[in-house]
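Notes follow the structure.
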Ligand code: AMP
Ligand code: MG
């Protein structure tokens, strides 16, 4: 063991520093079929009004409101996609179906239920009002109106809007390509029988899921042994095709912890230790795929490298705090952080000296409030403290902690 040369960085400062070094990735064009979950890279402006013409909202008769209470001659029919070429003049009506274009001259639609039909004439009730039972052109959207801002994530309604406006493709941000690797001689592939002192590599699968949820395209690099040369070969090979590298393990101060020295030889380690629990050894660097002399001058070659701690909860919590916001910034998300909501603490959250703690909680509704319960032992090896958790409560450093009954903002992972 040796003392770490890295200063302990405040957790919030470290998170800000990571974002400072994180670029927004370039854009690409995707077809609507591939647009789900992507982030719009430009504002979407309505090229035409919606609806483009006055359309009937019901099945009935298009008439003039001034003809209320009269019997009218039916001049034809306007169905969806088959507009009527004739006009509706005084004393006449047109049969109209839902979605049909309101014919020239008509200003209101009478529902078929409110009419009496006799051959080619129709009797309409008294007291008609112009503009009833129809969608005016541009009533949903005016031409030129901004429909969606850059930074919007595309869900079903957003994709539907783009389609309704006739846009078959959208300009979105590229997804970050991330190389993911576990480190440690004690790790075996999940499903293999661990030998003495060995454990399954669980972090890789947990982090793969977390990366995908955050929108990354992941390349799995497997398990790197605790040998400097092997680690270097794996990492430098992967960096060429990745925007970011995520490793777990090998960042504490044991003699087998090789990630920090490797990242240092490939670029700049900006953060080597954080005042955070769990996750103190979290490491963040910017590195270059080709550490040839002079290569470091080329800004465009820079990659982000996240050395996450090995303990399962530490790796996932540091992912939440540092990696997920960075991946979202890369994709152009307007909102990079998890949403937060006020919750009432159902327990006393102990502070941990000079470190910020992210306490894992479940939530339940009590009237209009959300009440937080601790998930139990917050040990960094105990994944059960995070499994099923709804939120993270940030407990500031100091000796006060957060008292039971107080209301604090919690980062929401999932709602109960
Ligand atoms: P390290 O930071 O490499 O010293 O790892 C700290 C602790 O996390 C050790 O108990 C490791 O066995 C454990 N650990 C490291 N990597 C993994 C992994 N991929 N899956 C599960 N546990 C791990
Ligand atoms: Mg290790």
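In the numbering used here, the protein residues as written are -6 to 409. Every residue, glycine too, gets a C-beta built ideally from N, C-alpha and C.
Closest Cα partner of residue 117 within the set 62, 149 and 264
With distances taken between Cα atoms, residue 117 lies closest to 62.
Measure the C-alpha to C-alpha separation of residue 401 and residue 222 and round it to an integer number of angstroms.
Distance from the CA of residue 401 to the CA of residue 222, rounded to the nearest whole angstrom, comes to 47 Å.
On a Cα-Cα basis, can you pick out the residue from 299, 245 and 399 that is closest to residue 14?
The shortest C-alpha separation from residue 14 is found at 299.
Assess, as a yes-or-no matter, whether the region -4 to 5 is touched by the region 265 to 272 under the definition of 3 or more beta carbon pairs within less than 8 Å.
Taking a contact to require three or more Cβ pairs closer than 8 Å, the region 265 to 272 and the region -4 to 5 qualify as touching.
Residue 18 and residue 234 - do their beta-carbons sit closer together than 8 Å?
With contacts defined by Cβ atoms closer than 8 Å, residue 234 and residue 18 do not form a contacting pair.
Mind reading off the beta-carbon distance from residue 124 to residue 100? Whole number of angstroms is fine, and I expect it under 8 Å.
At roughly 7 Å, the Cβ-Cβ gap stays under 8 Å, so residue 124 and residue 100 are in contact.
Of the listed residues 70, 65, 307 and 283, nearest to residue 82 (C-alpha basis)
Closest by alpha carbon: 65.
Could you please give the first and the last residue of the uninterrupted beta strand (DSSP E) stretch that includes residue 111?
Here the beta strand (DSSP E) through residue 111 covers 109 to 111.
Pick out whichever of 262, 140 and 384 has its Cα sitting closest to the Cα of residue 330.
Taking only the C-alpha atoms, the option nearest residue 330 is 384.
So, is residue 259 buried or exposed, given that buried needs 16 or more other C-beta atoms within 10 angstroms?
Buried, because 16 or more other Cβ atoms sit within 10 Å of the Cβ of residue 259.
Would DSSP call residue 315 helix, strand or coil?
If DSSP states are grouped into helix, strand and coil, residue 315 belongs with the helices.
Three-state class that DSSP yields for residue 295 in the structure shown
Three-state DSSP puts residue 295 in coil, outside helix and strand.
Which residues in the same chain have their Cβ closer than 7 Å to the Cβ of residue 224, if we skip the five residues on either side of it in sequence?
Taking residue 224 as the centre and dropping the five residues before and after it, the same chain places the C-beta of 176, 217, 251 and 255 closer than 7 Å to its C-beta, in chain order.
Based on DSSP bridge pairs, tell me the residues matched to residue 67.
Looking at the DSSP output, residue 67 bridges to 86.
Top-ranked residue by Cα proximity to residue 155, from 171, 134, 167 and 169:
With distances taken between Cα atoms, residue 155 lies closest to 134.
Let me check understanding here. Comparing Cα to Cα, which of 320, 67 and 55 lies closest to residue 96?
Among 320, 67 and 55, the Cα nearest to that of residue 96 belongs to 55.
Along the alpha helix (DSSP H) that carries residue 240, what are the first and last residues, could you check?
For residue 240, there is no enclosing alpha helix (DSSP H); the residue is found in the beta strand (DSSP E) stretching over 237 to 241.
Pick from 351, 60, 307 and 332 that is closest to residue 85, judged by C-alpha positions
For residue 85, the closest alpha carbon among the candidates 351, 60, 307 and 332 is that of 60.
What would DSSP say about residue 227, mapped onto helix, strand or coil?
In this structure, residue 227 counts as helix in the three-state DSSP scheme.
Might you give, ordered along the chain, the residues of its own chain that have their beta carbon closer than 8 Å to the beta carbon of residue 12, omitting 5 neighbours on each side?
Annotation for residue 12: 318, 319, 322 and 329 place their beta carbon closer than 8 Å to its own, counting only its chain and skipping 5 residues before and after.
Of the listed residues 302, 200 and 228, nearest to residue 245 (C-alpha basis):
It is 302 whose Cα lies nearest to the Cα of residue 245.
Compare the beta carbon distance of residue 161 and residue 379 with 8 Å and say whether it is the shorter of the two.
Not a contact, by the Cβ cut-off of 8 Å.
Tell me the rounded alpha-carbon separation between residue 391 and residue 263.
Straight-line Cα distance between these residues: approximately 25 Å.
Does the Cβ of residue 308 have 16 or more other Cβ atoms within 10 Å, making it buried, or fewer, making it exposed?
By the neighbour-count rule (16 or more Cβ atoms within 10 Å), residue 308 is buried.
When you compare each of 408, 140 and 351 to residue 159 by their alpha carbons, which one comes out closest?
Closest in C-alpha terms to residue 159, from the list 408, 140 and 351, comes 140.
Which one of 373, 200 and 168 has the shortest CA to CA distance from residue 241?
Looking at the Cα atoms, 200 is the closest of the given residues.
Quick check: the Cα distance between residue 186 and residue 310, rounded to an integer number of angstroms?
Those two C-alpha atoms are separated by around 28 Å.
Cross-strand partners of residue 427 (DSSP beta bridge):
This structure gives no information on residue 427, because the portion of the chain shown stretches from -6 to 409.
From 362, 57, 369 and 393, residue whose alpha carbon lies closest to that of residue 403:
The alpha carbon of residue 403 has as its nearest neighbour, out of 362, 57, 369 and 393, the alpha carbon of 362.
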